[in-house]
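**Q**
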Amino acid sequence: MLLSQYTAYLAESLCGGSSRKLIAGWWYSILSMTLLLTILGILVIGSRRFSEGLAALWSGLMLCALSVGGTMIMRKFHSSLAVGFFMGCVVAMSQMFFMLFLVYLGYHKDEDFAKQGQNGAQELWLSFFALTESVLLASFAAILAAHRSEILEKPGGHLEDTETITTYDAPSTLA
Numbered sequence: 000m001l002l003s004q005y006t007a008y009l010a011e012s013l014c015g016g017s018s019r020k021l022i023a024g025w026w027y028s029i030l031s032m033t034l035l036l037t038i039l040g041i042l043v044i045g046s047r048r049f050s051e052g053l054a055a056l057w058s059g060l061m062l063c064a065l066s067v068g069g070t071m072i073m074r075k076f077h078s079s080l081a082v083g084f085f086m087g088c089v090v091a092m093s094q095m096f097f098m099l100f101l102v103y104l105g106y107h108k109d110e111d112f113a114k115q116g117q118n119g120a121q122e123l124w125l126s127f128f129a130l131t132e133s134v135l136l137a138s139f140a141a142i143l144a145a146h147r148s149e150i151l152e153k154p155g156g157h158l159e160d161t162e163t164i165t166t167y168d169a170p171s172t173l174a
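Quick note, the sequence shown lines up with residues 0 to 174 if you use numbering that gives the first Met the number 0.
#1: Can the beta-carbon of residue 97 be found closer than 7 Å to that of residue 50?
#2: What separation, rounded to the nearest whole angstrom, lies between the Cα atoms of residue 120 and residue 67?
#3: Cutting at 7 Å between CB atoms, please list the residues of its own chain near residue 86, excluding the five before and the five after it.
#4: Fully enclosed by the stretch 67 to 126, which alpha helix (DSSP H) runs are 4 residues long or longer?
#5: My understanding is that residue 61 touches residue 135, with C-beta atoms under 8 Å, so please give their C-beta distance in whole angstroms.
#6: Reducing DSSP to helix, strand and coil, say where residue 171 ends up.
#7: Would you kindly check if the distance between the Cβ of residue 99 and the Cβ of residue 138 is under 7 Å?
#8: Would you report the Cα separation of residue 35 and residue 95, rounded to the nearest angstrom?
#9: Go through its chain and collect everything with a Cβ distance to residue 22's Cβ below 8 Å, but skip five positions before and after it.
#10: Which residues in the same chain have their Cβ closer than 8 Å to the Cβ of residue 63, if we skip the five residues on either side of it in sequence?
#11: Whole angstroms are fine: how far does the CA of residue 90 sit from the CA of residue 105?
#12: Rounded to whole angstroms, what's the CA-CA distance from residue 76 to residue 93? Just pull it up for me.
#13: Would you identify the three-state DSSP class for residue 15, choosing helix, strand or coil?
#14: Can the beta-carbon of residue 44 be found less than 7 Å from the beta-carbon of residue 54?
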């Protein structure tokens, strides 16, 4: 109840009352953060240890897969199964990025890492972006859960806010 009121307030103040625009805008901010994290992850691959490079590469690949799949679901596949699967993936990715936030902070504070002469600035940036991505994904999942009826199809195969034609007039034939 409280979540629905808060997201309705966000939709009213940011998007003129349209929760679909709020969901789309939040998704576009996640996509832009995905681009930043992928670029930063590519930079880390060549300059850090294998484990950190693998974590950066894997998180970038998972974000790209989520971006493609999520965009397809948001635009084309509006069934309850697809939206539910997408919400589950978003929650799992949010948890993964929270764990990556903690891992990157651990790398930053690692004494062996400091002995190698690396100052750890990339780890701080990676941890900041991982935490930001985690918060964005978690809040997106909450917004999507509160307003999933706006995304789902009606039983007739139409979206909730589209107009449907109730009668069909067959064309007349010339005989």
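Glycine included, every Cβ here is placed at the ideal spot set by N, Cα and C.
**A** Let me spell this out:
#1: no
#2: 30 Å
#3: 140, 143, 144
#4: 79 to 108, 110 to 114
#5: Contact doesn't hold; Cβ gap of about 15 Å is too wide.
#6: coil
#7: no
#8: 17 Å
#9: 73, 139, 142, 143, 146, 149, 150
#10: 33, 37
#11: 23 Å
#12: 22 Å
#13: coil
#14: no
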